[in-house]
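Protein chains in written order, with the numbering used here: chain W, 1 to 441; chain Y, 1 to 158; chain H, 1 to 159.
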């Protein structure tokens with residue numbers, strides 16, 4: 001309960017409750033405001049309305065199983081959460097993954113980051129009244145999600161990034177789909193720049209509102225676009241490069257004043273940089289053999305050839321009828337039996353393969369990192385997304401803790417809205433991109 | 001006989017009117033909210049089913065879309081919002097967490113919204129595709145069409 | 001290299017306070033005694049270390065140990081671009097740690113979270129209340145002896 005403000009409020013001020021069922025679609029945060037007319041004297045934020053017991057649940061699930069819970073943390077950019085968790089476990093195991101898998105992870109992370117920023121700014125603009133911007137950005141997001149769906153199988157909560165690599169290779173005509181997504185996103189960003197950048201109403205609602213100084217931001221522990229809007233250029237991708245970010249060219253946009261408008265502009269510019277990264281990934285990704293079934297033939301062709309029994313093209317299908325996994329898995333999964341199951345050819349035709357496959361899923365076996373602890377952070381949509389895993393040598397983590405980037409952002413809002421008007425709460429709150437899934441865990 | 005014919009015709013007309021002008025209140029908490037936004041926007045428009053306008057107040061809406069996980073802390077709030085809605089009202093439980101607690105079977109999550117409020121349609125999925133949402137909406141519209149309305153001028157004995 | 005330099009310097013400066021200094025998997029880690037925390041933190045915040053940001057503050061429950069709760073702090077220095085992990089342990093019957101609110105403002109909510117989930121109290125915290133669970137919740141969920149499925153509903157549930 002917001003007991004502090006209820007006990008400290010002046011007797012002649014008005015206490016207004018915002019939330020926890022917020023029409024502003026941010027999830028479930030409750031802000032209690034103490035008002036004098038329209039001015040905010042004091043406020044108190046109450047969280048916990050989406051506390052889902054993530055950390056306790058993860059202590060009861062194997063490392064492989066709890067991957068699905070990580071998707072649902074920052075649910076607007078689920079692949080980045082997957083990457084963070086998986087890389088922390090790989091750090092504990094001391095594992096290296098193939099290069100193609102690294103590029104695929106970067107590509108998927110950046111597509112996720114773009115859809116994160118699109119959603120955040122769409123919601124922020126809609127709450128300020130710009131409904132068109134919301135519809136445009138959702139349209140662009142659909143094209144990106146089409147790409148993600150064709151490769152991973154799900155639009156949002158994908159569980160695609162696995163320990164040791166990724167689940168499946170990029171789909172057959174991913175290049176065309178990605179180019180289409182990028183073209184649509186660029187068009188939408190151009191339109192939105194035209195609609196909002198010099199829009200007097202939007203500027204009045206966001207310029208010089210929610211201003212944060214750099215020192216205060218660092219003291220609060222801000223990271224990500226919010227910190228960069230105050231002028232400090234800290235990005236985990238540049239400071240502690242992971243995956244293939246050190247081989248890619250991109251810039252870190254920063255703001256000057258640390259107000260809502262700067263946070264908006266930093267996110268818009270970051271989307272441009274992410275689009276650049278995606279294009280570079282498409283160019284630099286190492287070639288892979290596509291899912292060939294037999295003798296250099298595509299799967300459908302191979303089945304047809306095997307059925308017609310043409311004497312000039314004898315084709316022998318593999319015994320599991322699922323196609324050749326051996327050729328594919330080396331590109332996308334580390335060849336380490338501690339963390340990955342063997343390709344189906346080995347599972348079905350050799351006893352070692354069968355035993356490795358079996359032991360991966362058996363209770364008490366499977367992925368068992370050595371005893372120890374590790375902290376690793378990646379650049380999430382909101383900032384430094386860190387995972388702290390304590391392993392006791394069994395197949396379940398002893399403790400898994402998430403460093404939520406938006407907890408310090410929300411904690412600072414009480415200070416930012418003090419003295420301002422009620423209408424200023426909405427763009428301030430919107431520009432922070434508070435995702436309750438990762439804040440409440 | 002005449003009375004029954006008229007009331008069934010009136011039932012049908014009222015059902016038709018109600019089902020094609022649903023004002024929904026999106027009680028959005030978690031990840032399903034993203035799929036709700038997709039379903040409501042240009043690609044998978046729910047406006048073509050008449051349910052386009054989101055009323056951000058329970059008093060002005062007749063469909064409560066419970067989207068996302070309901071934690072134990074959130075349950076009284078959900079109950080309050082449901083009680084504030086006026087009759088006739090319907091509830092759709094959107095997503096696995098609202099249907100049954102989803103993947104979260106622990107101390108913090110209500111195992112299904114129907115433990116808090118009565119639910120008409122359950123849409124499973126984690127998150128459900130927008131097409132599933134539209135299918136659920138159409139099923140709700142069928143249900144509304146077939147509802148026998150409560151005609152007040154007939155004396156109700158019970 | 002830099003990680004070991006700072007570990008050596010800290011051990012030399014606080015011989016009683018810093019119990020252990022190591023760098024497992026490349027993460028510089030020091031284990032300190034509970035009463036040395038308030039001396040070490042200001043030292044770390046100044047130059048040349050300048051750990052200006054508290055990234056994270058959490059707790060791990062080891063019920064079989066005498067000092068049951070192990071607090072873990074992750075600090076970050078923007079200027080030097082390096083991280084440091086500080087660990088300290090407290091027993092269950094004296095689970096009180098000095099609060100870091102006066103150094104970093106986000107320690108406020110992070111300590112409330114640890115109090116909510118584990119029951120560790122923080123001396124000097126302005127407003128130590130539960131953060132995630134409702135005020136009437138009994139127990140501390142992330143302790144190992146709290147059952148996973150023990151629900152405490154706030155309103156009476158149907159069925």
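Beta carbons are placed, not taken as given, at the ideal position from N, Cα and C, and that holds for glycine.
At least one CB of chain Y closer than 7 Å to the CB of residue i: is that the case?
{"i": "residue 75(H)", "result": "no"}
{"i": "residue 32(W)", "result": "no"}
{"i": "residue 129(H)", "result": "no"}
{"i": "residue 63(H)", "result": "no"}
{"i": "residue 156(W)", "result": "yes"}
May I ask you to list the residues that DSSP assigns as paired with residue i?
{"i": "residue 375(W)", "result": "388(W)"}
{"i": "residue 161(W)", "result": "166(W)"}
{"i": "residue 29(H)", "result": "22(H), 85(H)"}
{"i": "residue 98(H)", "result": "123(H)"}
{"i": "residue 85(W)", "result": "According to DSSP, which records beta bridges pairwise, residue 85(W) is partnered with nothing at all."}
{"i": "residue 30(W)", "result": "46(W)"}
{"i": "residue 149(W)", "result": "Note: residue 149(W) sits in no beta bridge, so no partner."}
{"i": "residue 71(H)", "result": "59(H), 88(H)"}
Going by alpha carbons, who is nearest to residue i out of the options?
{"i": "residue 109(H)", "options": "413(W), 437(W), 407(W)", "result": "407(W)"}
{"i": "residue 127(Y)", "options": "124(W), 113(W), 109(W), 153(W)", "result": "153(W)"}
{"i": "residue 23(Y)", "options": "65(Y), 55(Y), 73(Y), 37(Y)", "result": "55(Y)"}
{"i": "residue 64(H)", "options": "10(H), 90(H), 149(H), 45(H)", "result": "90(H)"}
{"i": "residue 180(W)", "options": "369(W), 120(W), 282(W)", "result": "282(W)"}
{"i": "residue 33(Y)", "options": "143(Y), 7(Y), 47(Y), 67(Y)", "result": "67(Y)"}
{"i": "residue 331(W)", "options": "78(W), 348(W), 164(W), 210(W)", "result": "164(W)"}
{"i": "residue 205(W)", "options": "196(W), 9(W), 88(W)", "result": "196(W)"}
{"i": "residue 428(W)", "options": "304(W), 285(W), 208(W)", "result": "208(W)"}
{"i": "residue 6(H)", "options": "16(H), 29(H), 17(H)", "result": "29(H)"}
{"i": "residue 13(H)", "options": "41(H), 26(H), 27(H)", "result": "41(H)"}
{"i": "residue 58(H)", "options": "125(H), 107(H), 19(H), 32(H)", "result": "107(H)"}
{"i": "residue 258(W)", "options": "416(W), 112(W), 93(W), 410(W)", "result": "416(W)"}
Have a look at residue i and residue j and give me their C-alpha separation to the nearest angstrom.
{"i": "residue 422(W)", "j": "residue 178(W)", "result": "41 Å"}
{"i": "residue 86(Y)", "j": "residue 222(W)", "result": "44 Å"}
{"i": "residue 339(W)", "j": "residue 356(W)", "result": "10 Å"}
{"i": "residue 22(W)", "j": "residue 31(Y)", "result": "15 Å"}
{"i": "residue 24(H)", "j": "residue 51(H)", "result": "20 Å"}
{"i": "residue 82(W)", "j": "residue 240(W)", "result": "18 Å"}
{"i": "residue 9(Y)", "j": "residue 263(W)", "result": "57 Å"}
{"i": "residue 35(H)", "j": "residue 397(W)", "result": "30 Å"}
{"i": "residue 16(Y)", "j": "residue 136(Y)", "result": "17 Å"}
{"i": "residue 174(W)", "j": "residue 186(W)", "result": "18 Å"}
{"i": "residue 142(Y)", "j": "residue 18(Y)", "result": "11 Å"}
{"i": "residue 219(W)", "j": "residue 354(W)", "result": "54 Å"}
{"i": "residue 38(H)", "j": "residue 98(H)", "result": "7 Å"}
{"i": "residue 273(W)", "j": "residue 224(W)", "result": "14 Å"}
{"i": "residue 102(H)", "j": "residue 85(H)", "result": "19 Å"}
{"i": "residue 1(H)", "j": "residue 22(H)", "result": "Its pLDDT being 49, under 50, residue 1(H) is placed unreliably by the model, and nothing is read from it."}
{"i": "residue 343(W)", "j": "residue 18(H)", "result": "49 Å"}
{"i": "residue 131(H)", "j": "residue 8(W)", "result": "19 Å"}
{"i": "residue 371(W)", "j": "residue 392(W)", "result": "5 Å"}
{"i": "residue 112(H)", "j": "residue 129(H)", "result": "6 Å"}
{"i": "residue 80(Y)", "j": "residue 116(Y)", "result": "10 Å"}
Kindly say whether residue i, judged by its beta-carbon, lies nearer than 7 Å to any beta-carbon of chain W.
{"i": "residue 24(Y)", "result": "no"}
{"i": "residue 48(H)", "result": "no"}
{"i": "residue 96(H)", "result": "no"}
{"i": "residue 56(Y)", "result": "yes"}
{"i": "residue 74(Y)", "result": "yes"}
{"i": "residue 132(H)", "result": "yes"}
{"i": "residue 23(H)", "result": "no"}
Of all Cβ atoms in chain H, is any one closer than 7 Å to the Cβ of residue i?
{"i": "residue 128(Y)", "result": "no"}
{"i": "residue 224(W)", "result": "no"}
{"i": "residue 149(Y)", "result": "no"}
Give the residues of chain A in contact with residue i, contact being defined as C-beta atoms less than 9 Å apart.
{"i": "residue 109(Y)", "result": "Here chain A cannot be found, since the structure's protein chains are W, Y and H."}
Checklist entry - Taking one C-beta from the segment 396-412 of chain W and one from the segment 48-61 of chain W each time, how about it: are there three or more such pairs within less than 8 Å? => result yes
Checklist entry - Are there three or more Cβ pairs, one per stretch, closer than 8 Å when the segment 109-126 of chain H is compared with the segment 65-74 of chain H? => result yes
Checklist entry - Do the segment 356-372 of chain W and the segment 63-73 of chain W touch if we need at least three Cβ pairs shorter than 8 Å? => result yes
Checklist entry - Do the segment 35-55 of chain Y and the segment 128-146 of chain W touch if we need at least three Cβ pairs shorter than 8 Å? => result yes
Item to check | the segment 345-353 of chain W touching the segment 188-203 of chain W, judged by at least three CB pairs closer than 8 Å | outcome: no
Next on the checklist: For the structure I just gave you, are there three or more beta carbon pairs, one from the segment 26-34 of chain W and one from the segment 110-122 of chain W, closer than 8 Å?
Outcome noted: no
Next on the checklist: Check whether the segment 93-102 of chain Y and the segment 36-43 of chain W are in contact - that is, three or more C-beta pairs closer than 8 Å.
Outcome noted: no
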